[in-house]
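Convert by adding 3 to the 1-based position in the sequence shown; the result is the number in our numbering.
Where a beta carbon is used, it is the ideal one built from N, C-alpha and C, also for glycine.
What follows is one structure encoded as structure tokens, with my remarks underneath.
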Amino acid sequence: MRYTELAFTGPATFFKAPYRPLTEPWQAEVGLLGLPYDFAVGYRPGARFAPNALREASGRYAPGPEGWFDLETETYRLQGVHLVDAGDVDPAQLEYHETFRRITEAARALRAGRGTARPLQPLIELTGGRLLFEAEAEATDWRHTEPYTFRELTYRLRGVGPDAGATFRIWVKNEHHAVWRDSAVIATSPDIIALLDAESLRPLTTLGDVTPGRRVIAFAMKAMDSQWHTPAGLALLGPRHFGLDFDYVPFDRAATA
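The structure is reproduced here in structure tokens:
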């Protein structure tokens, strides 16, 4: 990173990150790709200039080796995370099918080139969250299937990789509310619990995305509003509100191994 440069000096890249085109090998936790495309807006172009405008503007926010300073928490975020500017997708003028194909191929190449064994690390650094486990879905026990008011189910999963040998359950009432490792509760609402596809890292919904055989990553982070951790907040969204016989379990204090 060229954080010692003035904002207006040197080549313009996202946050002054090194430029590494997708045609070359690179390793970083975060790759930024520009999409200069606005051919569907008739006589109102402008978005095509956005990637370069963002590169120029972001030059004043180039992170140093300690990361970005968070004024609210007075701590540094994303310390040691490496970024690269992967350039732009070259759109195909009015051939939008070809343009979308190029965008898809570039996104695949970007994911393949991230080159890190810890793909969630930037998210963990940013949110203070935790990777709870890696697993393969074995079954879903449905109790109610109607969304919002009545949908209730439990995922059953078996650990893989560093979590091999462990079993996991996640109880769902529209959202993920409680997580067990073997017989121990390791996370509950009101904290945010998400299941991600292990390959694409896309969040999985509770509408049938977690199918048997699918490999997943479980991630947890604190509720965005601290009011949810007050007695009143826990009464509204803690485990006992849903009829479970235990209190709120902070994911960052529970044993996950």
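TODO: Name the two residues that bound the continuous alpha helix (DSSP H) containing Gly236.
DONE: Note, Gly236: alpha helix (DSSP H), Pro234 to Leu240.
TODO: For His179, decide whether its Cβ has a neighbour in chain D, counting only Cβ atoms nearer than 8 Å.
DONE: The structure shown contains no chain D; it holds only a single protein chain.
Open item on the list: Buried or exposed for His179, going by 16 or more other Cβ atoms inside 10 Å?
Closed with: Burial call: buried.
- [ ] Identify whether Phe52 lies in helix, strand or coil by the three-state DSSP scheme.
- [x] Note: Phe52 maps to helix in three-state DSSP.
- [ ] Just list the beta strand (DSSP E) runs in the stretch 139 to 199, keeping only unbroken ones of 3 residues or longer that don't cross its boundaries, in chain order.
- [x] With a minimum length of 3 residues, the continuous beta strand (DSSP E) runs that stay inside the stretch 139 to 199 are 155 to 162, 170 to 176, 178 to 184 and 187 to 191.
Open item on the list: Out of Asn55, Thr191 and Pro39, which one is the CA nearest neighbour of Val175?
Closed with: A check of alpha carbon separations from Val175 across Asn55, Thr191 and Pro39 identifies Thr191 as the nearest.
Open item on the list: Helix, strand or coil for Gly216? Go by DSSP, reduced to three states.
Closed with: Three-state result, Gly216: coil.
Open item on the list: Which of the three DSSP states is assigned to Tyr40 in this structure?
Closed with: Tyr40: coil per DSSP, three-state reduction.
- [ ] Name the two residues that bound the continuous beta strand (DSSP E) containing Val87.
- [x] For Val87, the enclosing beta strand (DSSP E) has its first and last residue at Leu86 to Asp91.
- [ ] Identify whether Tyr79 lies in helix, strand or coil by the three-state DSSP scheme.
- [x] Strand.
- [ ] Compare the beta carbon distance of Met224 and Gly132 with 8 Å and say whether it is the shorter of the two.
- [x] Going by C-beta atoms, Met224 is nearer than 8 Å to Gly132.
Open item on the list: So, does the stretch 225 to 240 touch the stretch 154 to 161, judging by three or more C-beta pairs under 8 Å?
Closed with: Counting Cβ pairs under 8 Å, fewer than three are found: no touch.
TODO: Would you kindly work out how many angstroms separate the C-alpha atoms of Phe171 and Arg256, rounded to a whole number?
DONE: Straight through space, the alpha carbons of Arg256 and Phe171 are spaced by roughly 18 Å.
Task: Buried/exposed call for Leu134, threshold 16 Cβ in 10 Å - done: Taking all protein chains in view, the Cβ of Leu134 is crowded by 16 or more other Cβ atoms within 10 Å, so the residue is classified as buried.
TODO: Tell me whether the beta-carbon of Thr16 lies closer than 8 Å to the beta-carbon of Asp88.
DONE: Thr16 is a Cβ neighbour of Asp88, given a cutoff of 8 Å.
Open item on the list: Does Glu202 come out as helix, strand or coil in the three-state DSSP assignment?
Closed with: Coil at Glu202, not helix or strand.
Task: Inter-residue Cα distance where the pair is Leu35 and Gly90 - done: Distance between the alpha carbons of Leu35 and Gly90: 8 Å.
TODO: Quick one: give me the first and last residue of the beta strand (DSSP E) that Asp73 is part of.
DONE: It spans Trp71 to Asp73 - the beta strand (DSSP E) in which Asp73 sits, taken as one unbroken run.
Task: Where Ala60 falls: helix, strand or coil (DSSP) - done: Note: Ala60 maps to helix in three-state DSSP.
Open item on the list: Quick test of the definition: if touching needs 3 or more C-beta pairs under 8 Å, does the stretch 138 to 147 touch the stretch 209 to 228?
Closed with: Verdict: yes, contact present.
- [ ] Report the three-state DSSP secondary structure of Phe11 (helix, strand or coil).
- [x] Looking at Phe11 - three-state DSSP - the assignment turns out to be coil, as it is neither helix nor strand.
- [ ] May I ask you to list the residues that DSSP assigns as paired with Glu137?
- [x] Ile220, per the DSSP bridge assignment.
TODO: Just grab the DSSP bridge partners of Gly67 for me.
DONE: Residue pairing by DSSP places Gly67 opposite Gly70 in a beta bridge.
- [ ] Would you mind stating whether Ala221 and Phe136 have Cβ atoms separated by less than 8 Å?
- [x] The answer is yes: Cβ separation under 8 Å.
Task: Of the listed residues Glu128, Ile106 and Gly211, nearest to Phe72 (C-alpha basis) - done: In this structure, Glu128 is the residue among Glu128, Ile106 and Gly211 with its C-alpha nearest to the C-alpha of Phe72.
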